[in-house]
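Adding 2 to a residue's 1-based position in the sequence shown gives its number in our numbering. Using N, Cα and C, we set each Cβ at its ideal position, and we do this for glycine too. These numbers come from a predicted model, not from an experiment. Below: one structure, written as structure tokens.
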Amino acid sequence: MASNVPQCEPCAEDGSYLEATRWCCECQQWLCDNCGKYHKRLAATKAHTLLSKLEYEKLPNMASAISRKCHKHSDKDLEFYCSNHISAICFSCMKEEHALCKSVNKLRDVATGIKSSAAVTDIMATLEDFVDVFEKLQEDRKKNKDKLKAAKDIIDAKVQNLLDENQKYLKQLATDLQSEVYKKYTEEASSLDLEIDTYKIKRSVLEKKLFDVKTMVEYASDEQMVLSLEDINRDVSKHEEYLQSLNGHVFTKTLAVDLNLNALHLNDSVPSFGHVSVQSVKCPVRLTGKNKAMVATNLSQTAKSIDDVQRKAEARPFDDTFILVRQFAIPLLRAQKQNVIRDIKCLPNGYLAMTDSENNRVLIIDQNGSTMLQESLQGSPRCLTFTKDGRIAVTLFDQQKVLIWNPYQPSKKENIDVNDECTGIACVNDILIINCQRRGLLFYNVMDTKSTRLTEYTGKLDIHELSVDNLCIYKSKTNDFITLNINSGVEKKRFKVYSKMPSCLAKDDVDNFYIIDSSNAIRKIDTKTCKSEIVLDVSCGINKPQAVATFVEKSRGFMPSQRVTKFYLFVVNNGGSSILMFQKK
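The structure is reproduced here in structure tokens:
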């Protein structure tokens, strides 16, 4: 850490060499008693954290290694925190690279309450959980080794009984079989020893990391806590990936033998006592954390108390239906404002199309965040859908019209004047259903351009195609979820969903719908049971979601058993700056 007798650094600059007794976490300086007193009196430094020598010695290495200097501008201190890029920056960085970022705050303001925030609480809970997983793995492997030994002893006893019955001829066969048993046992036991040692080491590393985090919470400064979270999160992610890689590959093994009963009597025709095999079943230990979510790294809201986090955890059991596949940023040009994504849909090829009402554009990207197409519009786009022939239909809220065009021929656009504020839009067969807030639902045939209205459904509605001739409507004002036949205009089903103000609807392959809940969580609506439940929330990395989309990927095979269906859920996250891609198990 430091020398045994540190000297007061301010005094040393004046030529006096006095023994230091205090360490300032913010200034990164040793201070004597007098300097420490003045430090706590000055308005600029009175809030600084001063540690005694004993407290300083307790700081983990990662705390003492943290630098307050900018890695790009070594002469500048880190004074600000950009929540858009999740990084601490200096004043020069802010002017040069973060001038357009809307979420830049002073580092000390962001650090306020960090030790009691969800970010620190979640990472401590995750580390504790991983320690518990590796401890259970270690114990399970030890028990497996004991069972392996017990199985070996039982087989040895069976072999010995046969050996006693046929001493002369069978002795050699028994020896061969026992050698095979021992070889199998040695191979598997060695493999288990290696697993035990590996999990023991990883458990020790995580225990040390957990201890360091707890120590930093107690002794480190708030800024040090903020600056260390990135490295800690990286370690947690590595162990999470490691545990996921183990899933389905950890087996409980035992030894078994099929004894040749003919060996009791037939000396000449029996080549062996039996065949030894290793039987495997999946290890019963859970190989993922209880909280499968990404640890939140956006520190724009760090004032949540531990009690708030505990109350949320007690409110419902964690749903592990979805796993996070990847996260990628939504492309944004330097001259453009922060994205405001109103709607997002998946094309048949898996590309993502979205409306950005802040920058008046429709953006199409691939599942890695690369821009495929971008179309600028003369108006503010809200919702979008696709026609059967692959055209995009977008509502322009401020101009009270709908635009339809082929994304590969953007110059040829068809206008539909609806003379009303239009938000939701869906397509069933060749019929565009447009939500006009005052005049009801407009049914527009894209083939013959004829239109009709259903005036009883007014207000802000979220609508989505359900099946042939059927439409789903969510009316947030009354919490009604409605299934409507578009040909007859007759309701087939209506039930309550206890969630207000979703931003959009997305459907999976079994007629479940997903919406953004008023609590900024993702809620699944089961149209068969008429029930809903939260499936993704802040514990999964969800933060300020704006829109959701779904994609069903079906692989081809000659036989039905060879065909695999994968379901993906995309969430526009962090106020429109990134997308989280989840896969359903």
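ask   = According to the neighbour-count rule (16 or more other Cβ atoms, all chains shown, within 10 Å of its Cβ), is residue 426 buried or exposed?
value = By 1-based counting over the sequence shown, the position of residue 426 is 424. Residue 426 is buried by the Cβ-count criterion.
inquiry  = So the candidates are 380, 177, 430; which of them puts its Cα closest to the Cα of residue 415?
reply    = The sequence position of residue 415 within the sequence shown is 413, counting from 1. Comparing Cα-Cα distances from residue 415 to each of 380, 177, 430, the minimum goes to 380.
query = Would residue 519 pass as a contact of residue 554 if the rule is Cβ separation under 9 Å?
reply = The residue labelled residue 519 in the question sits at position 517 within the sequence shown. The residue labelled residue 554 in the question sits at position 552 within the sequence shown. If you check the CB distance, residue 519 and residue 554 do not come in under 9 Å.
task = Keeping to the same chain, check which residues put their C-beta closer than 6 Å to that of residue 466; ignore five residues upstream and five downstream.
result = By one-based count along the sequence shown, residue 466 stands at place 464. Excluding positions up to five away in sequence, the list reads 428, 474, 507, 509.
inquiry  = Is it buried or exposed, residue 213, if we count other Cβ atoms within 10 angstroms and call 16 or more buried?
reply    = Locating residue 213 in the sequence shown gives position 211, counting from the first residue. Residue 213 is exposed by the Cβ-count criterion.
inquiry  = So, at 6 Å on beta carbons, what are the nonlocal neighbours of residue 568 in its own chain, with the 5 sequence-adjacent residues on each side left out?
reply    = Here residue 568 corresponds to residue number 566 of the sequence shown, with the count starting at 1. Hits under 6 Å: 555.
ask   = What number of angstroms, rounded off, separates the C-alpha of residue 138 from the C-alpha of residue 489?
value = For the purposes of this step, residue 138 is identified with residue 136 of the sequence shown, where counting begins at 1. For the purposes of this step, residue 489 is identified with residue 487 of the sequence shown, where counting begins at 1. Going from the Cα of residue 138 to the Cα of residue 489 covers about 59 Å.
ask   = What separation, rounded to the nearest whole angstrom, lies between the Cα atoms of residue 620 and residue 9?
value = For the chain, the structure presents residues 3 to 587; residue 620 sits outside this window and is missing.
request  = Tell me whether the beta-carbon of residue 444 lies closer than 9 Å to the beta-carbon of residue 388.
outcome  = Taking the sequence shown and counting its residues from 1, one reaches residue 444 at position 442. Taking the sequence shown and counting its residues from 1, one reaches residue 388 at position 386. Result no, Cβ atoms of residue 444 and residue 388 do not sit closer than 9 Å.
ask   = How would you write the range of the alpha helix (DSSP H) that residue 437 sits in, first residue to last?
value = Within the sequence shown, numbered from 1, the residue matching residue 437 stands at position 435. It is not in any alpha helix (DSSP H) - residue 437 instead sits in the beta strand (DSSP E) that spans 433-438.
inquiry  = Are the CB atoms of residue 535 and residue 526 within a distance shorter than 9 Å?
reply    = For the purposes of this step, residue 526 is taken as the residue at position 524 of the sequence shown. For the purposes of this step, residue 535 is taken as the residue at position 533 of the sequence shown. Taking 9 Å as the Cβ cut-off, residue 526 and residue 535 qualify as a contacting pair.
request  = Measure the Cβ-Cβ separation of residue 396 and residue 357 and say whether it is below 9 Å.
outcome  = Stepping through the sequence shown from its first residue, residue 396 is reached at position 394. Stepping through the sequence shown from its first residue, residue 357 is reached at position 355. In this structure, residue 357 lies closer than 9 Å to residue 396 by Cβ.
task = Just the C-alpha distance for residue 487 and residue 469, rounded to the nearest angstrom, thanks.
result = Position 485 of the sequence shown holds residue 487. Position 467 of the sequence shown holds residue 469. The straight-line gap from Cα to Cα measures roughly 10 Å.
message = According to DSSP, simplified to helix, strand and coil, what is residue 412?
response = As a working mapping, residue 412 is identified with position 410 in the sequence shown. Here residue 412 sits in strand by DSSP.
ask   = With C-beta atoms as the reference, is residue 257 less than 9 Å away from residue 194?
value = Against the sequence shown, residue 257 aligns to sequence position 255. Against the sequence shown, residue 194 aligns to sequence position 192. For residue 257 and residue 194, no; Cβs fall outside 9 Å.
query = How many Å lie between residue 528 and residue 457 at the Cα?
reply = Counting from 1 along the sequence shown, the entry for residue 528 is found at position 526. Counting from 1 along the sequence shown, the entry for residue 457 is found at position 455. Approximately 27 Å, taken between the alpha carbons.
key: For residue 11, three-class secondary structure by DSSP   = The count along the sequence shown starts at 1 and reaches residue 11 at position 9. Looking at residue 11 - three-state DSSP - the assignment turns out to be helix.
ask   = Taking buried to mean at least 16 other C-beta atoms within 10 Å of its own C-beta, is residue 450 buried or exposed?
value = Position 448 of the sequence shown, counted from the first residue, corresponds to residue 450. The residue in question, residue 450, is exposed, as its Cβ has fewer than 16 Cβ neighbours within 10 Å.
key: the segment 128-148 contacting the segment 197-210, beta-carbon criterion three pairs below 8 Å   = Two segments are said to touch when three or more pairs of C-beta atoms, one from each, lie closer than 8 Å; by this definition the segment 128-148 touches the segment 197-210.
ask   = Can you give the Cα-Cα distance for residue 196 and residue 260, rounded to whole angstroms?
value = For this step, residue 196 is matched to residue 194 along the sequence shown. For this step, residue 260 is matched to residue 258 along the sequence shown. Roughly 29 Å between the two C-alpha positions.
task = Starting from the C-beta of residue 497, find all residues in its chain whose C-beta is less than 7 Å away, skip the five residues before and the five after it, and write them out in chain order.
result = For the purposes of this step, residue 497 is taken as residue 495 along the sequence shown, with counting starting at 1. Counting only Cβ-Cβ distances below 7 Å, and skipping sequence neighbours, we find 483, 532.
key: Inter-stretch contact (C-beta, 8 Å, three-pair minimum) for the segment 100-114 and the segment 160-167   = no
ask   = Does the distance from the CB of residue 407 to the CB of residue 418 come in under 9 Å?
value = In the sequence shown, residue 407 corresponds to position 405, counting from 1. In the sequence shown, residue 418 corresponds to position 416, counting from 1. Going by C-beta atoms, residue 407 is not nearer than 9 Å to residue 418.
inquiry  = Just to confirm the assignment, what range does the beta strand (DSSP E) spanning residue 347 have?
reply    = Position 345 of the sequence shown holds residue 347. It spans 343-348 - the beta strand (DSSP E) in which residue 347 sits, taken as one unbroken run.
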